[in-house]
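Visitor: Under numbering that gives the first Met the number 0, residues 0 to 256 are what the sequence shown spells out, in order.
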Amino acid sequence: MEVIIKDTYEEMSIEAAKIIKDAIHLKPNLVLGLATGTTPIGTYKELIRMHQAGELDFSKVVTFNLDEYVGMPSTHDQSYHYFMHENLFNDINIAPDNVHVPSGVVKDFKRYCQWYEDEIAKVGGVDLQVLGIGSDGHIGFNEPGTSLASRTMVVTLTEETIRDNSRFFDRIEDVPRLAITMGVGTIMEAKHCLLVANGKKKAGPVAALVEGPITSQVTASALQMHPNATVIFDEAATSKLKRIDYYKWTYENRPEV
Ligand code: GLP
């Protein structure tokens, strides 16, 4: 796992956006996995800036989002559909047909989850998957205890996640209890995983992800088994890491490729 530590949230976001930009330059029809949450907003802002500066063309890029709340129509201002359009899609030249965000309002979730997996497979799999991390160590909505081999499915959110996400809703009762999410196994098939985390509230999950045991209790820890995972943190999120000096040393001395 490549661990990159930046001083600030802004620098973390710029570094993540650069990795995405380089990937799109190498492969204009990149299959890009996207995440929601407040963490990647800075990265998306930087991608929008790059696009508006004429440095980045999304016309051939295909995107797949990780997750969505069950029961939430795409028009709801707390849906992840809405989030992605507000924070990225409305300001870049992505083709609407190339955008995939799982639906939270289908009749047959079992069939729909298989369809989502098939759509990813049809375009050759995700090339680069952007991830955040929940305070309980989840990626996507893969809560503690989820199989590290799981595929796209409907899950029950933990009380901790419901509490965390209630900051965006009027009342905690309004936060959906269920979500549809790519599984850990689905995420692990991405050719490159790029996780961002910032702030001291993420120090615990970040330490568990990088230096803890690989366990379904912290689904992000599965990334330790990924052959090509990059994690980028701001300084505040690294306070519980034991080998910070080594990660910084490795980054400073990384080979030019
Ligand atoms: C939600 C999303 C995750 C995200 C997490 C962290 O639970 N399903 O994909 O990583 O929130 O959100 P934030 O970045 O706001 O801390």
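C-beta: ideal position from N, C-alpha, C; glycine also.
Predicted, not measured: the structure shown is a model, and the values here were computed from it.
1. Can you look up K239 in the DSSP assignment and give me helix, strand or coil?
2. With burial defined as no fewer than 16 other Cβ atoms inside 10 Å of the residue's Cβ, what is the status of Q257: buried or exposed?
3. Run through DSSP, which three-state label would G144 get?
4. Count the C-beta pairs between the region 142-161 and the region 235-249 that are closer than 8 Å, then say yes if the count reaches three, no if not.
5. With a threshold of 8 Å, establish whether the CB of N86 neighbours any heavy atom of ligand 1.
6. Just curious, the alpha helix (DSSP H) that I171 is in, first and last residue?
7. In the DSSP assignment, the beta strand (DSSP E) including G32 goes from what residue to what residue?
8. Nearest to E45 by CA position, among E14, K241 and G211, is which residue?
9. Measure the C-alpha to C-alpha separation of H191 and T229 and round it to an integer number of angstroms.
10. What residue range is occupied by the uninterrupted beta strand (DSSP E) comprising Q128?
11. Measure the C-alpha to C-alpha separation of T145 and E10 and round it to an integer number of angstroms.
12. I'd like to know whether the C-beta atoms of A206 and K241 end up nearer to each other than 9 Å.
13. Can you tell which of N197, V69, D90 and I18 has its C-alpha closest to the C-alpha of T155?
14. Rounded to whole angstroms, what is the Cα-Cα separation between A202 and G211?
15. Need the endpoints of the alpha helix (DSSP H) that N97 sits in, please.
Guide: Taking the geometry as given:
1. Looking up residue 239 in the sequence shown gives position 240. Correct three-state label for K239: coil.
2. Outside the shown range of the chain, which is 0 to 256, sits residue 257, and nothing can be said about it.
3. The residue you call residue 144 lines up with position 145 of the sequence shown. In this structure, G144 counts as coil in the three-state DSSP scheme.
4. With a cut-off of 8 Å, the region 235-249 and the region 142-161 do not count as touching, because too few Cβ pairs lie within range.
5. By 1-based counting over the sequence shown, the position of residue 86 is 87. Checking the Cβ of N86 against ligand 1 gives no.
6. What you label residue 171 is simply residue 172 of the sequence shown in a count that begins at 1. Element bounds for I171: n/a, residue is neither H nor E.
7. Reading the sequence shown from its first residue, position 33 is the one you call residue 32. Segment V30 to L33, the beta strand (DSSP E) holding G32.
8. The count along the sequence shown starts at 1 and reaches residue 45 at position 46. By alpha-carbon distance to E45, the top candidate from E14, K241 and G211 is E14.
9. The count along the sequence shown starts at 1 and reaches residue 191 at position 192. The count along the sequence shown starts at 1 and reaches residue 229 at position 230. Approximately 8 Å, taken between the alpha carbons.
10. The residue labelled residue 128 in the question sits at position 129 within the sequence shown. L127 to L130 is the span of the beta strand (DSSP E), which, as asked, contains Q128.
11. In the sequence shown, counting from the first residue as 1, residue 145 sits at position 146. In the sequence shown, counting from the first residue as 1, residue 10 sits at position 11. In this model, T145 and E10 are separated by some 32 Å (Cα to Cα).
12. On the sequence shown, position 207 is the one that residue 206 refers to. On the sequence shown, position 242 is the one that residue 241 refers to. A Cβ-Cβ contact shorter than 9 Å links A206 with K241.
13. Here residue 155 refers to the residue found at position 156 of the sequence shown. Answer by Cα proximity: V69.
14. Stepping through the sequence shown from its first residue, residue 202 is reached at position 203. Stepping through the sequence shown from its first residue, residue 211 is reached at position 212. Rounded to whole angstroms, the gap between the alpha carbons of A202 and G211 is 12 Å.
15. Within the sequence shown, numbered from 1, the residue matching residue 97 stands at position 98. Premise fails: N97 is in no alpha helix (DSSP H) and is neither H nor E.
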